[in-house]
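The structure appears right after this line, and notes come after that.
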């Protein structure tokens, strides 16, 4: 059972309605956190809120002003979990500047928005946990996902910079880098790409299988906990060994 200190701590999770985000919300609530999560999928968010007791808000994390307003209303927060993201399945020459802008906005700029809004409250308290969900693509690159990989690589560099700026202020900042995780989005991609794509994903891992949202959530929960107080500026792969040697 979570101790009284943890029970009073508040976490803000973006992209929390489904997939990895929902697993993170469930795990943090189970660990005793008071969780506020944001998503654009209002119906799914409401269902998860009713299931878990977490508070759901409909929010476009790409909107700087609305993010700041939401944090002012619902914060301050002891932990920020940036999970919102969109994937890419196209070679670079088949993409457009509009595609690039959307991928960079959701996968990178949203992380800047939420961190800018939440970080001052953490600095005032003298403690905080920032966990950004990136991707092994940010370390390894991605065939058919070059702009996505660039955005996730940016998340990694940004997180390490925030760790450097705030290490003496009781604030840690780390990255979780999932590999192929069994989520509705991945299943949709597999349905379009067929068994060959699924085989390629699993064979790229040392474990030879897809991961689960719960496995990612367990690492996020650790990094948000007091047990990870001496871990900062790190990238922890949850990818079945996909990033081994990277």
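In UniProt numbering, the protein residues as written are 1 to 246.
Where is the CB? At the ideal position from N, CA and C, for every residue including glycine.
Taken atom to atom, the span from the alpha-carbon of residue 109 to that of residue 156 is near 13 Å.
Boundaries of the beta strand (DSSP E) harbouring residue 57: 55-58, taken from the DSSP string.
Rounded to the nearest angstrom, the Cβ distance from residue 135 to residue 76 is 28 Å, too far for a contact under 8 Å. In this structure, the beta-carbon distance from residue 176 to residue 133 falls below 7 Å. Taking 7 Å as the cut-off, the Cβ atoms of residue 141 and residue 181 do not count as close. Within a 10 Å sphere around the beta-carbon of residue 239 sit 16 or more other beta-carbons, which makes this residue buried.
Under the DSSP assignment, residue 45 falls in the alpha helix (DSSP H) whose first and last residues are 42-52. Residue 241 places its beta carbon less than 7 Å from that of residue 206. About 5 Å separates the Cβ atoms of residue 126 and residue 170, confirming a contact at the 8 Å cut-off. Boundaries of the beta strand (DSSP E) harbouring residue 128: 128-133, taken from the DSSP string. Setting aside the 5 residues that flank it on each side, residue 25 is surrounded in the same chain by 13, 16, 35, 37, 48, 52, 54, each with a C-beta closer than 7 Å to its C-beta; the list follows chain order. In this structure, the beta-carbon distance from residue 79 to residue 61 does not fall below 7 Å.
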